[in-house]
Amino acid sequence: MNILVAGAHGKTGLQIVKLLTEREHNVLAMIRDDAQSDEMEKLGATPFVANLEGDIEFAVEGAEAVIFAAGSGPNTGEDKTLSVDRDGAVKMIESCERNGVERFILLSSVGTDHPEEGPEKLQHYLKAKAESEERLEKSNLNYTIVRPGMLNNDPETNHIIAQESLKGKIGQISRSDVALSIVESIENPNTYRKTFEIIGGGKMEVEKALNNL
2 MNILVAGAHG
12 KTGLQIVKLL
22 TEREHNVLAM
32 IRDDAQSDEM
42 EKLGATPFVA
52 NLEGDIEFAV
62 EGAEAVIFAA
72 GSGPNTGEDK
82 TLSVDRDGAV
92 KMIESCERNG
102 VERFILLSSV
112 GTDHPEEGPE
122 KLQHYLKAKA
132 ESEERLEKSN
142 LNYTIVRPGM
152 LNNDPETNHI
162 IAQESLKGKI
172 GQISRSDVAL
182 SIVESIENPN
192 TYRKTFEIIG
202 GGKMEVEKAL
212 NNL
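Count the sequence shown with the working numbering and you get residues 2 to 214, in order.
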């Protein structure tokens, strides 16, 4: 499958790209800086430079699915967060609608259902993610929205807790397990047009956890 990864050089994006190429998908790696191209090529992906704050209409050409793993991060200013996490995602969604790309996976965050209840410094980030989720849910795309808990850099465990709502349960999850959950979701019908939350520490392997949503 031809899969576009937006945010391919991010901490989670890199792991998504690696998993996809290992599974012999054709990965179109969207990066912000040409200096990142060599790393993408070493992973077996095809890099191209595009800016979510600019024109990205060309980016979805030839893609069969899009994984939106880009993010400004919770420590950037509100303007930057809105332009990337909300407006960038919305532009990508609308580009997919215009170009017939049906499958779209959005990496979001636990807490987007009630941004105002999150930590003050994260509220603008959660609000931006929530608005991008809302636009995706209203689209005609076959979407999956993945909301992980607090991210860490621990090794992959292949075990998670996955529920449509964790009902405020707080937990961490490794970026590697998030990447695996996203890659496993691509062709899993049980994740189609569905939003779910994930944290680490579960007894189920990722594939089984997704099948039990």
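Think of the CB as a built atom: it goes at the ideal place given N, C-alpha and C, for glycine as much as any other residue.
When you compare the CB positions of residue 61 and residue 27, do they come within less than 8 Å of one another, or not?
In this structure, residue 27 does not lie closer than 8 Å to residue 61 by Cβ.
N- and C-terminal bounds of the alpha helix (DSSP H) containing residue 115:
From DSSP, residue 115 is part of no alpha helix (DSSP H); its letter is neither H nor E.
Suppose the cutoff is 8 Å on Cβ atoms and the five residues either side in sequence are ignored; what does the same chain contact list for residue 134 look like?
107, 109, 113, 146 and 196
Should residue 115 be labelled buried (16 or more other beta-carbon atoms within 10 Å of its own) or exposed?
The Cβ neighbour count for residue 115, taken over all protein chains shown within 10 Å, is under 16; the residue is labelled exposed.
Residue 211 - containing alpha helix (DSSP H), residue span:
207 to 212
Chain D beta carbons: is any one of them nearer than 8 Å to that of residue 155?
No chain D appears in this structure, which consists of one protein chain only.
Along the chain, where does the beta strand (DSSP E) that runs through residue 164 open and close?
From DSSP, the beta strand (DSSP E) with residue 164 extends over 160 to 164.
Which partner residues does residue 7 have in the DSSP bridge list?
31 and 69.
Can you tell me whether residue 144 is helix, strand or coil according to DSSP?
Three-state result, residue 144: strand.
Check whether the region 117 to 126 and the region 136 to 152 are in contact - that is, three or more C-beta pairs closer than 8 Å.
no
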